[in-house]
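Visitor: Handing you a structure now.
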Amino acid sequence: MLDFPILFASLLNGLTQGAVYALVALGLTLIYGVLHIINFAHGALLMVALYGVFFLNARLGIDPYVALPVMVPAMFVLGYCLQRLVVGRAGHGKDENILLVTLGLAIVLENAALAAFKSDTRTIETAYTFSTVNLAGAMIAVPKVIAFFGALAVAALLLALISRTDLGRAIRAVAKERQGARIVGIDVEHVFAVSFGIGLACLGAAACFLLPAYYVNPQVGNGFVLIAFTIVVLGGMGSFAGALAGGFIVGVIESLGGLWLGESLGQIGIFLAFIAILLFRPQGLFGAGRRA
Amino acid sequence: MTRQNRRQFLRQSAALSAGAALGFPAISRAQSGPVKIGVLHPVTGFLAYSGNLCRLGAQIAIDEINSGGGIKSLGGARLQAILGDAQSKPEVGVSEVEKMNEQGVSAIVGAYASAICLATSQAAAKYSIPNVVDVGVADQIVERGLKNTFRFGPGYRTVAEAAINDLHILNTLAGKPASTVMIVHEESLFGTGTANLLASQLPGLGYRIVEVVKHANPTRDFSNIVLRMKALNPDILIPANYYNEYALLLRTMKQQNVAPKAIYSVLGGAASSFKFVKEFPDVANGVIDCNHWYNPKDKRALALRKKVEGMKDQFFTYEVFLNYQSVYLLADAIERAKSSRREAIIEALAHSTWDKHFMPYGPTKFVNGQNTGARPLVMQVLKGDISVVLPKEYRQADPVFPWKA
Chain A
5 MLDFPILFAS LLNGLTQGAV YALVALGLTL IYGVLHIINF AHGALLMVAL
55 YGVFFLNARL GIDPYVALPV MVPAMFVLGY CLQRLVVGRA GHGKDENILL
105 VTLGLAIVLE NAALAAFKSD TRTIETAYTF STVNLAGAMI AVPKVIAFFG
155 ALAVAALLLA LISRTDLGRA IRAVAKERQG ARIVGIDVEH VFAVSFGIGL
205 ACLGAAACFL LPAYYVNPQV GNGFVLIAFT IVVLGGMGSF AGALAGGFIV
255 GVIESLGGLW LGESLGQIGI FLAFIAILLF RPQGLFGAGR RA
Chain B
20 MTRQNRRQFL RQSAALSAGA ALGFPAISRA QSGPVKIGVL HPVTGFLAYS
70 GNLCRLGAQI AIDEINSGGG IKSLGGARLQ AILGDAQSKP EVGVSEVEKM
120 NEQGVSAIVG AYASAICLAT SQAAAKYSIP NVVDVGVADQ IVERGLKNTF
170 RFGPGYRTVA EAAINDLHIL NTLAGKPAST VMIVHEESLF GTGTANLLAS
220 QLPGLGYRIV EVVKHANPTR DFSNIVLRMK ALNPDILIPA NYYNEYALLL
270 RTMKQQNVAP KAIYSVLGGA ASSFKFVKEF PDVANGVIDC NHWYNPKDKR
320 ALALRKKVEG MKDQFFTYEV FLNYQSVYLL ADAIERAKSS RREAIIEALA
370 HSTWDKHFMP YGPTKFVNGQ NTGARPLVMQ VLKGDISVVL PKEYRQADPV
420 FPWKA
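Order-wise, the sequence lines are chains A and B. One gets my numbering by counting positions in the first sequence from 1 and adding 4 to each. One gets my numbering by counting positions in the second sequence from 1 and adding 19 to each.
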C-alpha cells in the first residue's frame, strides 16, 4: 500500500476533493466572520444549489460549468433575501436565536426537498464524467481537476473582493466592529445580507464543480456541513486562508485515511486531526487568537 | 371538566364508536370482489431503480392474469394491486405492511432487498399475511420459522455455493491461472452475508482472499477502492452490490486501467443487466455473473423478454422476471385454495408444486418457506449480449476465462 504511485494518486484525489470542501468552508467562514452566526443551514443550502444545477442540466440541458454564471448570482440573491427577510428578522438580533433559525431553515429545506423531489439519488452524466488526466502516472478524473482550479479561482476572487473593493472594506469593518461601522455610516444590515449572499454564492459555485463527480439527494448536505464546520474551526473561524488550507488538509486526510483504513473508518483521520488542532492550537491554524 | 364539556365528549365518543362499528362490516366484506395483493418494493431511495423494475414485473403479471380471466376458482375474481413504497428503508416497509393489512390484502409480494424483506416478512407474519419474497436472498428470511414467508428464488448460501463451485470449474478448465481474490460488497444484509459466505468457503478450494472491502449505499466515489485494487492486484474481483454502485465500480476500474484476470460477480447488481450492457458495452464485456436467471431455452421467457424490451426504456432484468413469477406463483396458490383468505393461501403455497414457470428450478417445493429447487445460473457478457455459460445443460455460449482486456 505504500507504493508511491498509489499514494500520489490518493494525494491528488484528496487535494481535488479538498478544494471543493474549501469552497464550501469559505462561505461558512465568511458568514461566521461577519455575522458571527453559525449557519447550520449551510449543508441544506448546498443541497438546494446542487438540485439547481441538476435541474438546469436535466431539464434545460445546461452543462454544470456553463451554469456557473446562472447559479452563482441566483444563490447570491437567495442568500441576500434569506438574511434580510428571514434570518435577520427572526433572530431579533440575538445570536442564540439565529442559531435556531438556521437550524430550522435546514430542517425545512431538507424536508421540502424530500417532498418535492423524493429521496432518490440523482446524478448527471456529461461527456467528460469519466475522462481522466494523466498526472505523472496518476489518472485523475477531469471533473475533479476542473473543480480544483475552479475552487482556487473562486477563492482568489473572494480574497480580491474582500481586500481591494469598498464593499470588502465595509465587510471587514462590520466583521471587526459592528457598532463602530454603524457609526461611520455603513449600512450594517445591507452588509450582513451581502455577506450571507456571498457565502451562498460560494455554495452555488461549489455545487457546479461538485455535481459532475458526485450526486444529489435531500440528505446530501448533512455530510458536507459537518466537514465544513471541521474545516472552519481547524483553519480558524473567520479566516479565508484557514478555510482554504483546512479544506486541503481535510481532503487529503480523508483520501489517505480511506486508502489505508477503508472508506468508513478512514473518516476518523479527519476528526483526530480536528481534536489535535483544538488541543494544541484552539484558535485554529490561522485563527486570530482570542477576541478582546 | 364542565358539564357541557363532558356531554360533548360523550356525544363525540358515541359518534366515534358508531362510526367504527359501521366501518367493520366493510373489512369483512372485502373477501368477495377483487383479491387484493400488496405489491411492496423500494421505488424511491437508493434502490429506486431496482424497485421500479420489481413493480413493473408484478404489474405485468397481474394484468396478464386479469385479462386471462382472473382467478377462475373464485368466479373470475380479478387481482387488485395495492402498491406500496418501502423507500429503501426497512422501517418504512414495515409501516407499508401495516397499511396494507388495514386495506385487507390477501397476500404481499415483496420487498426486493434482504434488509427490507427481513422486516416486512415479520410484520406480515403478525397478521398471517402470506408473503412471497420476490428476491431478498438473505437466508435468515426463511430460517426464522415464519409460516407465512415463501421464497421462490434461491438464497445466498445456495448462490454462493454454486458460484464457488462454478468458479473453480472455470479456473480448473483454464489451467488454474487465478489464485487471489478480492471481494467488494455493499454494506447491508445482502452484501455482507454474501461476502462472508464467499470468504469462508473460497480458501477451502485453494483461493487466497487478499481483501474484503465494504462500501456504503450510495457510494459515488470508488477511487480509493480501485486504488487498493491496483495495489493488491488480485486475479479475480468478486463484486456483490446493487446496480448503481456496481456500474460505478466497474466504470472507475476502466477509467483507472485496472483489469483483473476475471470479474466474477456473485449476485452482481449490474452484471447481468441488459441496461448495463447497453449503456456501457466496453465496460460490461467479459463480466461473469452468478445470479438469478431464466431458462434461456424456454419460449415463455423469450416472449416476456420481447414484451418488456418493447416497452419504452425498460430492460428484462431479474427484478422483472422474479416478480413476474412470484405473482403467478401466488395466483396459482389462490386458484388451488379457492379462497382469498390468508390462511388458505398460506396452506396452498406450502403444498405448491407449481411448474408453469420459466426458471431453471423444476416443480416448486417449499421446505420451511424456501423453494428447494431454486438455483442461480452463471452468465457472461459476450459480444454485447448476456449468455448463460454454466451449467452445461443451459449453456448458450462457451465461457471465456481468464478475460484478456
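Think of the CB as a built atom: it goes at the ideal place given N, C-alpha and C, for glycine as much as any other residue.
Can you find a CB in chain A that lies within less than 8 angstroms of the CB of B/Lys249?
Guide: Closer than 8 angstroms: yes.
Visitor: By Cβ distance, which residues of its chain are closer than 7 angstroms to B/Tyr380, with the 5 residues on each side in sequence left out?
Guide: Within the same chain, B/Tyr380 has close Cβ partners Asn390, Gly392, Ala393, Arg394.
Visitor: Cα-Cα, which of B/Thr336, B/Gly329, B/His311, B/Asn314 is closest to B/Tyr295?
Guide: With the sequence shown as reference, residue 295 of chain B is identified as Phe, and Tyr is not the correct amino acid for it. Measuring from the Cα of B/Phe295, the nearest candidate turns out to be B/Thr336.
Visitor: Please identify, using Cβ separations under 7 angstroms, the residues of the segment 11–30 of chain A that lie next to chain B, in order along the chain.
Guide: From the segment 11–30 of chain A, only Ala13, Ser14, Asn17 have a Cβ closer than 7 angstroms to chain B.
Visitor: Among B/Arg26, B/His60, B/Leu341, which residue has its Cα nearest to the Cα of B/Gly129?
Guide: The shortest C-alpha separation from B/Gly129 is found at B/His60.
Visitor: Which residue comes first and which comes last in the alpha helix (DSSP H) that contains B/Arg97?
Guide: Where B/Arg97 is concerned, there is no enclosing alpha helix (DSSP H), given that its DSSP letter is neither H nor E.
Visitor: Is the segment 226–245 of chain A in contact with the segment 280–294 of chain A, if contact means three or more CB pairs nearer than 8 angstroms?
Guide: Yes, the segment 226–245 of chain A touches the segment 280–294 of chain A.
Visitor: So, A/Phe12 versus A/Leu103, is the Cβ gap smaller than 8 angstroms?
Guide: In this structure, A/Leu103 does not lie closer than 8 angstroms to A/Phe12 by Cβ.
Visitor: Report yes or no: is there a C-beta of chain C within less than 8 angstroms of the C-beta of A/Met143?
Guide: Of the protein chains in this structure, namely A and B, none is chain C.
Visitor: With a threshold of 16 other CB atoms inside 10 Å of the CB of B/Ala45, please say whether the residue is buried or exposed.
Guide: Unreliable placement is indicated for B/Ala45, whose pLDDT of 46 sits below 50; no coordinate value is reported for it.
Visitor: Pull up the CB-CB distance for B/Ser359 and B/Ile353, whole angstroms please, since I reckon it's below 8 angstroms.
Guide: That pair is a contact at about 7 angstroms.
Visitor: I'd like to know whether the C-beta of A/Phe284 is nearer than 8 angstroms to at least one C-beta of chain B.
Guide: No, because no Cβ of chain B sits closer than 8 angstroms to the Cβ of A/Phe284.
Visitor: Spell out the partners DSSP gives B/Leu409 in its beta bridges.
Guide: Note: B/Leu409 sits in a beta bridge opposite B/Val397.
Visitor: Assuming B/Leu186 and B/Tyr283 are in contact, meaning their beta carbons sit under 8 angstroms apart, how far apart are those beta carbons, in whole angstroms?
Guide: With a Cβ gap of about 6 angstroms, B/Leu186 and B/Tyr283 count as contacting.
Visitor: Look at A/Ile35 and A/Gly203 and say whether their C-beta atoms are less than 8 angstroms apart.
Guide: Taking 8 angstroms as the Cβ cut-off, A/Ile35 and A/Gly203 qualify as a contacting pair.
Visitor: The alpha helix (DSSP H) spanning A/Pro147 covers which residue range?
Guide: 146–168 is the extent of the alpha helix (DSSP H) around A/Pro147.
Visitor: Below 8 angstroms on C-beta distance, what does A/Asp7 contact in chain B?
Guide: Simply Ala250.
Visitor: Using a threshold of 8 angstroms, state whether the C-beta atoms of A/Gly83 and A/Gly172 are closer than that.
Guide: No, they are not a contact pair.
Visitor: What are the residues in the segment 105–138 of chain A lying within 7 angstroms of chain B by C-beta distance?
Guide: So the list reads Lys122, Ser123, Asp124, Thr125, Phe134, Thr136, given in the order they occur along the chain.
Visitor: Sort out for me which residues DSSP pairs B/Leu59 with in a bridge.
Guide: DSSP lists B/Gly103, B/Gly129 as partners of B/Leu59.
Visitor: Determine the direct distance from the alpha carbon of A/Ala217 to that of A/Met51, and round the result to whole angstroms.
Guide: Cα-Cα distance, rounded: 15 angstroms.
Visitor: Which complete beta strand (DSSP E) runs does the segment 140–167 of chain B hold, if anything under 3 residues is left out?
Guide: You should have 150–152.
Visitor: I need the straight-line Cα distance from B/Arg170 to B/Val156, nearest angstrom please.
Guide: Between B/Arg170 and B/Val156, the C-alpha separation is close to 9 angstroms.
Visitor: Does the beta carbon of A/Tyr219 sit closer than 8 angstroms to a beta carbon anywhere in chain B?
Guide: True, the Cβ-Cβ gap to chain B drops below 8 angstroms.
Visitor: Identify every residue that forms a DSSP beta bridge with B/Arg170.
Guide: B/Arg170 pairs with B/Val152, B/Gln389.
Visitor: Show which residues of chain A have a CB atom less than 7 angstroms away from the CB atom of B/Ser242.
Guide: Under the 7 angstroms cutoff, chain A gives Asn17.
Visitor: For a cutoff of 8 angstroms on Cβ pairs, would you count B/Asn215 as touching chain A?
Guide: Judged by the 8 angstroms Cβ criterion, B/Asn215 is not in contact with chain A.
Visitor: With a CB to CB cut of under 6 angstroms and the five nearest residues on each side skipped, what residues in its chain are close to A/Leu107?
Guide: Phe44.
Visitor: Per DSSP, what kind of secondary structure is A/Met75 in: helix, strand or coil?
Guide: Helix at A/Met75.
Visitor: I'd like to know if B/Tyr65 contacts chain A, where contact means its C-beta is closer than 8 angstroms to some C-beta of that chain.
Guide: The question names Tyr, but residue 65 of chain B is Phe in the sequence shown. Interface residue, yes.
Visitor: Which residues, in chain order, does the segment 244–272 of chain A contribute to contact with chain B at a C-beta distance below 8 angstroms?
Guide: Those would be Ser259, Gly262, Leu263, Gly266, Glu267, Ser268, Gly270, in chain order.
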